[in-house]
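So the sequences go chain by chain: L and Z. So for the first sequence, the working numbering puts the first residue at 2; every next one is plus one. So for the second sequence, the working numbering puts the first residue at 703; every next one is plus one. Beta carbons are placed, not taken as given, at the ideal position from N, Cα and C, and that holds for glycine.
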Amino acid sequence: MKTSHDILVVDDEPVITQAVVRVCGADGLSVDVADSATAALARLEKATYQLIICDVMMADVDGFAFLEDVGRRHIKTPVIMSTGMSTMENAVRSLSSGAIDFIPKPFTADELLTAVRRGLNYSRLQAAAAAGAPAPQDMLAWVPCPAQYYRLGYTSWLAQEPDGTVKIGAMDLFLKSLDAVQLVTLGAPGDEVVQGGSCATLAAADGLVHGVLCPVSGKIVEVNRLVASSPAVMERDPYFEGWLYRVLPSELQYDLQHLGACSSDRM
Amino acid sequence: MFQKLGLKLTIAVGVIALVTITIFAVFNTRSVNRSLLDEVERHANQLSEAVKSGTEYDMMLNQRERIHETIKRMGTQASISRIRIMNKGGAIIYSSDTTEIGQMVDKKAEACTMCHAADEPLEHVAMEDRTRVFRARAGAARTLGIINPIYNTPTCASAACHAHPPTQLVLGVLDVTLPLAAVDRDIRRGQLEMVIFAVAAILALSLIIGLLVARWVAMPVRALLEATRHVAGGNLNYVIPETRRDELGMLARSFNNMTRKLSEARLQLVQSDKLASLGRLAAGVAHEINNPLTGVLTYSSFLMKRTANQPEVQDDLKVIVRETIRCREIVKSLLDFARQSVPKKSQADVNDIIGRAAAVVENQLSLAHVRLVRELAHDVPLITVDANQLQQVFINLFVNACDAIGPAAGSGTITVSTRRLKLSPVGITQIKQAQCPKRHSLMSDEVRIDGKPSIRVKARADGNEGFIYRDPMFGLTRHQFGLALTSTAGVQVTCPECATSLLEAGASCPACAAAVFAFEVPTKGMVECCTNRACTWQRWPEVERLGDRDFVEMRIHDTGCGIAPDEQLRIFDPFYSTKGQKGTGLGLAVIWGIIDNHNGTITVESAVGAGTTFVIRIPVEP
């Protein structure tokens, strides 16, 4: 019988793993530690986890290689990437390689907990879907992303408009993995957004504040006021009525390389 | 090389002179010879006529002894070789050379053939045909002979001696021969003079050409060679004095221009190389510092959460968390600069940012007795900037100014001023996006003009096809042409990707009437350009309609030690520092990167001892 933990944290820096153990442990979560990707894979043989938090730059096998290995072994456990090289490129690469989230180092206890909660919720949703069970009672039915859309991991989507701009919004799964959104803080037209950077914050009922990572770089040309006034519209219709911005992309062809097609949006 | 060039030119000029002068000398000598001979001939003829008329009377009287005597005496003159008279039968009757009297002259002899060639002898012959030039024997001097026929006259036929019947027309011939030794001497002297003149002329000409070539060609070429050696040795600041106005002067100017451009390119290369190493350094630093920072930040923020009911530690913990987050932002901005990523921009008041920056350095300035004077305009519009980054710019510039004033001066002043400024969009507005009607991007990263991606269109004219890379700075014309575009008629301009024509139907250039093509700048309207390569017309109504663009200008002036002109070129280089161990040399490089990311410019005005002013201009509309 495999042992079971909530979280596996993989980092070659003891101070990081201890900090995660301390913060998440205080929140009632059980945390297991691996100091390398190889050790982590060995642990995954023996135990089951709800969530993995993995560093990108490690001495032996780096985080991206670990992510690939996890995918190859059909381990369904969602992975959150983290790195001190907190560049947009690493954020985008993590999400497009299959990680569900990216936490730039250094992070505060709240930032860590927000990401962990979201990750655990995602994990629950995924487990429910895999079991063929209906969605948990407190969650609405899962809405698939339209096939012609593009997505950045499971956080945000992008749809090309006929006039050369793109509409962007948050993915249904992302919204489902947080508590009911109470307040949406949006940018203004003319603001620059960067792929992999946070472009909007969603304050949930449980007091956690989540950033939406932008799927594209460019300039905001229109903001969906409807979402700001009634955040519930996002959860009701995330892919049409619930869009966030219309953006004039600066390097769409480049950005699209890091996005997946929504037709592959299946858990 | 230049020696060979000079030598070649000199030899060429010498050969041409040699040929010309030789041809001239040959013709001249011939002509002089002919006229000299003509003169002698005429002289001989006159002499022969004189002998004839001098002896005529004696002949009439048949005074043979007197004739003998006259001829003999005349023949003794140095200028006369021989005088003789032959009768019709060919016998020599009189001669200055008495030994040959009575001898017969052969009709076949050279002197006689002119008249006696035919059976019946000629009776009248022109003077030129009666003269002959010959040598008595091989090696002897030349001699000129002239035959003068003695005609029968009525007085001869009716003379008392009755020697000649009236039917006889020619009674005999007078043969006078003159020595040509003197004439030949003259000719030889003339020829010699001609040769001396020719040699002297050729030598003088070659010498003058050689000197001129040395002065006009060899010297400047040597200067150029010297310059190429300096440049090859790495000294790109070597300048050839531009004193000449000829082609070599133009070459020198063009050479200087080339080295200047090269030196600029090298500077740029070095800059980007330094930026690359800075990027690697930043990446390493970020990774190394962010891990320990994570420990600090996580634990301190965790502690802050847990001690929410202990206000006495809350405040202290807040400081730790805030300052650690500040560290995080600093490391992040280093990474952002190294990767040239887009700053987090929002609308901000520059005066506020300056106020916040001033608050940070206030203590440091008052310790150094430096006064900070604010001359902030109140009508400065809000600009879209990353307030944190811009604050960092001001803090760095204030600290630099404070260091420049130094402790020894006792006190100094930093003046920071802001104002709004209008600048024409022409030449300062960059076209960053361009697309065809089917929304294919026309921007080309392969060809960069002044470091910025160019706008690439396909052009076809006269069967030639190629790309035109247009200057992305609106109003400037540093375009690059990938095809020869000589005519303006029938030029086709298309999108390189979908071949859709970009020509505007019915439109023509107001400057030169050639066809006009256009492309779209998303959300900023159409840009129209002339297809004529020589024409500079272009129009961007959307930008021109806005007129002059608004800028916010910020000036930071200090009364410090100033910056030498050659240092001014390098102060924005990464790792360039004049502060020795105190500085990293990154401050101004980071500032430059930040301002550049805001589409702004930063320049420095300074003189040693007179202080320094940094001028930052950021467009109000990004």
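Span separating the alpha-carbon of I1320/Z from that of I1297/Z: The residue you call residue 1320/Z lines up with position 618 of the second sequence. The residue you call residue 1297/Z lines up with position 595 of the second sequence. Cα to Cα, I1320/Z sits roughly 8 angstroms from I1297/Z.
Relative to the C-alpha of A66/L, which candidate in L52/L, A100/L and R44/L has its C-alpha closest? The count along the first sequence starts at 1 and reaches residue 66/L at position 65. Residue A100/L is the option with its Cα nearest to A66/L.
Have a look at the DSSP bridge pairing and note the partners of T1314/Z. If you number the second sequence from 1, residue 1314/Z lands on position 612. In DSSP, T1314/Z forms a bridge with D1260/Z and S1308/Z.
Which residues mark the beginning and the end of the beta strand (DSSP E) in which M788/Z is found? Stepping through the second sequence from its first residue, residue 788/Z is reached at position 86. Following the DSSP letters along the chain, one finds M788/Z inside the beta strand (DSSP E) bounded by residues R784 to N789.
Going along the stretch 178-212 of chain L in order, which residues come within less than 9 angstroms of chain Z, judged by CB to CB distance? Listed in sequence order: G188, A189, G191, D192, E193, V194, V195 and G198.
Anyone know if the C-beta pair for I1056/Z and L1084/Z falls short of 8 angstroms? Locating residue 1056/Z in the second sequence gives position 354, where the first residue counts as 1. Locating residue 1084/Z in the second sequence gives position 382, where the first residue counts as 1. No, the Cβ-Cβ distance between I1056/Z and L1084/Z is not below 8 angstroms.
Comparing alpha-carbon positions, which option in I1133/Z, R744/Z and C1104/Z lies nearest R1150/Z? Against the second sequence, residue 1150/Z aligns to sequence position 448. If we check each option's Cα against that of R1150/Z, I1133/Z comes out closest.
Proximal residues to A1213/Z (C-beta, below 7 angstroms), its chain only, five neighbours per side dropped: Stepping through the second sequence from its first residue, residue 1213/Z is reached at position 511. Sequence-distant partners of A1213/Z (beyond 5 residues in either direction) whose C-beta falls short of 7 angstroms from its own C-beta, in its chain, are C1232, C1237 and W1239.
What does I17/L touch in chain Z if you count any residue whose Cβ is under 9 angstroms from its own? On the first sequence, position 16 is the one that residue 17/L refers to. Those within 9 angstroms of I17/L in chain Z are N993, T996, G997 and T1000.
Which value, in whole angstroms, describes the spacing of the CA atoms of C1200/Z and Y1001/Z? As a position in the second sequence, residue 1200/Z is number 498, starting the count at 1. As a position in the second sequence, residue 1001/Z is number 299, starting the count at 1. Going from the Cα of C1200/Z to the Cα of Y1001/Z covers about 58 angstroms.
With DSSP collapsed to three states, give me the class of T166/L. By one-based count along the first sequence, residue 166/L stands at place 165. It is coil, neither helix nor strand.
In the structure shown, what three-state DSSP assignment does A204/L receive? For this step, residue 204/L is matched to residue 203 along the first sequence. A204/L falls in the strand class under three-state DSSP.
Count Cβ pairs between the stretch 1265-1274 of chain Z and the stretch 1291-1307 of chain Z that sit closer than 8 angstroms; are there 3 or more? yes
Assuming L749/Z contacts V875/Z (C-beta within less than 8 angstroms), just tell me the rounded distance between them. For the purposes of this step, residue 749/Z is taken as the residue at position 47 of the second sequence. For the purposes of this step, residue 875/Z is taken as the residue at position 173 of the second sequence. About 15 angstroms separates the two Cβ atoms, so there is no contact after all.
Cross-chain neighbours of S979/Z in chain L, by beta carbon under 9 angstroms: On the second sequence, residue 979/Z is found 277 positions in, with the first residue counted as 1. Correct list: empty, because the minimum Cβ distance to chain L is about 17 angstroms.
Please say whether C817/Z and L824/Z have beta carbons closer to each other than 8 angstroms? As a working mapping, residue 824/Z is identified with position 122 in the second sequence. As a working mapping, residue 817/Z is identified with position 115 in the second sequence. For L824/Z and C817/Z, yes; Cβs fall inside 8 angstroms.
Between the stretch 246-268 of chain L and chain Z, which residues of the former have a C-beta closer than 7 angstroms to a C-beta of the latter? L249
Just to confirm before moving on: does the CB-CB distance between D28/L and L114/L stay below 8 angstroms? Numbered from its first residue, the first sequence carries residue 28/L at position 27. Numbered from its first residue, the first sequence carries residue 114/L at position 113. Closer than 8 angstroms, so yes.
What residues of chain L sit near S1003/Z, judged by a beta carbon separation below 7 angstroms? On the second sequence, position 301 is the one that residue 1003/Z refers to. In chain order: T109, A110 and D111.
Whole-angstrom distance between L159/L and P239/L, CA atom to CA atom: In the first sequence, counting from the first residue as 1, residue 239/L sits at position 238. In the first sequence, counting from the first residue as 1, residue 159/L sits at position 158. In a straight line, the C-alpha of P239/L is about 12 angstroms away from that of L159/L.
Which listed residue (N1102/Z, T1131/Z, G1295/Z and I1107/Z) has its alpha carbon closest to that of K1226/Z: For the purposes of this step, residue 1226/Z is identified with residue 524 of the second sequence, where counting begins at 1. Of the listed residues, the one whose Cα sits closest to K1226/Z is T1131/Z.
Tell me which residues share the same chain as S737/Z and place their Cβ nearer than 6 angstroms to its Cβ, disregarding the 5 neighbours each side in the sequence. Start at 1 with the first residue of the second sequence, and residue 737/Z comes out as number 35. So the list is empty, once near-sequence residues are dropped.
Is it true that the stretch 1251-1263 of chain Z meets the stretch 1121-1128 of chain Z, where meeting means three or more beta-carbon pairs spaced less than 8 angstroms apart? Segments in contact, yes.
Leaving out the 5 sequence neighbours to the left and right, which residues in its chain are closer than 6 angstroms to H259/L when beta-carbon positions are compared? As a working note, residue 259/L is residue 258 in the first sequence. Counting only Cβ-Cβ distances below 6 angstroms, and skipping sequence neighbours, we find V93 and S97.
Contact list for E14/L against chain Z, beta-carbon separation under 9 angstroms: Numbered from its first residue, the first sequence carries residue 14/L at position 13. The contacting residues are N993, P994, T996 and G997.
By the 7 angstroms beta-carbon criterion, what residues does the stretch 79-112 of chain L contribute toward chain Z? G85, M86, S87, T88, M89, K106, P107, F108, T109, A110 and D111
Quick check on the DSSP output: what are the complete alpha helix (DSSP H) runs of length 4 or more inside the stretch 839-924 of chain Z, in order along the chain? 856-859 and 883-915
Should L1037/Z be flagged as near chain B, meaning a C-beta pair shorter than 8 angstroms? Any reference to chain B falls outside this structure, whose protein chains are L and Z.
Determine the contact status of I54/L and V11/L, defining contact as a CB-CB distance below 8 angstroms. Start at 1 with the first residue of the first sequence, and residue 54/L comes out as number 53. Start at 1 with the first residue of the first sequence, and residue 11/L comes out as number 10. Contact: yes.
Are any of the Cβ atoms in chain Z nearer than 8 angstroms to that of M58/L? Residue numbering aside, residue 58/L sits at position 57 when the first sequence is read from its first letter. It does: the Cβ of M58/L has a partner Cβ on chain Z nearer than 8 angstroms.
Interfacial residues, the stretch 22-50 of chain L to chain Z, with Cβ spacing under 8 angstroms: R23, V24 and A27
I'd like the ranges of any beta strand (DSSP E) spanning at least 3 consecutive residues and lying wholly in the stretch 1227-1257 of chain Z. 1228-1232
Which value, in whole angstroms, describes the spacing of the CA atoms of A714/Z and V901/Z? The count along the second sequence starts at 1 and reaches residue 714/Z at position 12. The count along the second sequence starts at 1 and reaches residue 901/Z at position 199. One C-alpha to the other measures close to 15 angstroms.
Grab the span of the beta strand (DSSP E) containing N939/Z for me, first residue to last. For the purposes of this step, residue 939/Z is taken as the residue at position 237 of the second sequence. N939/Z -> no beta strand (DSSP E), and no H or E assigned at all.
Using the C-alpha atoms, what's the distance from S218/L back to C1197/Z? Taking the first residue of the second sequence as position 1, residue 1197/Z is located at position 495. Taking the first residue of the first sequence as position 1, residue 218/L is located at position 217. Whole-angstrom Cα-Cα distance: 25 angstroms.
Residue range of the unbroken beta strand (DSSP E) whose run includes Y1/L: Since the displayed chain L opens at 2 and closes at 268, residue 1/L lies outside it and no answer follows.
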